[in-house]
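One structure is given here, and the rest of the page talks about it.
Numbering (the working numbering), first residue to last: -2 to 130.
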């Protein structure tokens, strides 16, 4: 298996991992078509719905048919006071908010991804697995 770390140049210049190929880029512009799977770990929660859709669309375009997208995020099934406060912080800092699993699924559907499965790692952390049709 070959692994690639795709990130901004400032991040890549600080990465010193042997066995990992690094590629400089910006997921708002284009993602190289090199992989059968893409992992977005704690990425989408930083961005507004509009920008998250751009990222998801670029992932979709970079994957081959039947390619897989793994989205790892904190997803609350119910909104409580702690999550509301966290969302308020996200809105103030990033113009974003914490989302439920269903909200991530709805965003991904706008780019033609299909949900394959949802794995709850703990009370908050979830892996959403999407496939490209």
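Virtual Cβ for every residue (Gly too), placed ideally from N, Cα, C.
This one's a predicted model, so the numbers in the text were calculated from it and none came from an experiment.
Could you tell me if residue i is buried or exposed, where buried requires 16 or more neighbouring beta carbons within 10 angstroms of its beta carbon?
{"i": "residue 57", "result": "buried"}
{"i": "residue 78", "result": "Bear in mind that a pLDDT of 49 at residue 78, under 50, signals an unreliable position, so the model cannot answer this."}
{"i": "residue 59", "result": "buried"}
{"i": "residue 111", "result": "exposed"}
{"i": "residue 120", "result": "exposed"}
{"i": "residue 118", "result": "exposed"}
Roughly how many angstroms lie between the CA atoms of residue i and residue j, to the nearest whole one?
{"i": "residue 67", "j": "residue 108", "result": "15 Å"}
{"i": "residue 6", "j": "residue 22", "result": "7 Å"}
{"i": "residue 42", "j": "residue 65", "result": "19 Å"}
Excluding five sequence neighbours on each side, which residues of the same chain lie with their C-beta closer than 8 Å to the C-beta of residue i?
{"i": "residue 1", "result": "17, 18, 19, 20, 29, 31, 32"}
{"i": "residue 9", "result": "2, 19, 20, 21"}
{"i": "residue 61", "result": "30, 33, 129"}
Kindly list the residues whose CB is nearer than 6 Å to the CB of residue i, restricted to its own chain and excluding five residues on each side of it in sequence; keep chain order.
{"i": "residue 69", "result": "38, 124"}
{"i": "residue 24", "result": "52, 55"}
{"i": "residue 40", "result": "none"}
Under 8 Å by Cβ, that's how I've got residue i and residue j pegged, so tell me the actual separation to the nearest angstrom.
{"i": "residue 73", "j": "residue 95", "result": "7 Å"}
{"i": "residue 102", "j": "residue 114", "result": "That pair is no contact at about 11 Å."}
Going by alpha carbons, who is nearest to residue i out of the options?
{"i": "residue 128", "options": "118, 35, 42", "result": "35"}
{"i": "residue 212", "options": "9, 15, 10", "result": "Absent from the structure is residue 212, since the part of the chain shown begins at -2 and ends at 130."}
{"i": "residue 100", "options": "50, 65, 62, 64", "result": "50"}
{"i": "residue 130", "options": "116, 63, 105", "result": "63"}
{"i": "residue 26", "options": "106, 4, 98, 71", "result": "4"}
{"i": "residue 116", "options": "106, 104, 105, 98", "result": "98"}
{"i": "residue 122", "options": "40, 41, 71", "result": "71"}
In chain order, what residues of the same chain have a beta carbon less than 7 Å from the beta carbon of residue i, not counting five sequence neighbours either side?
{"i": "residue 12", "result": "2, 19"}
{"i": "residue 104", "result": "46, 49, 50, 53"}
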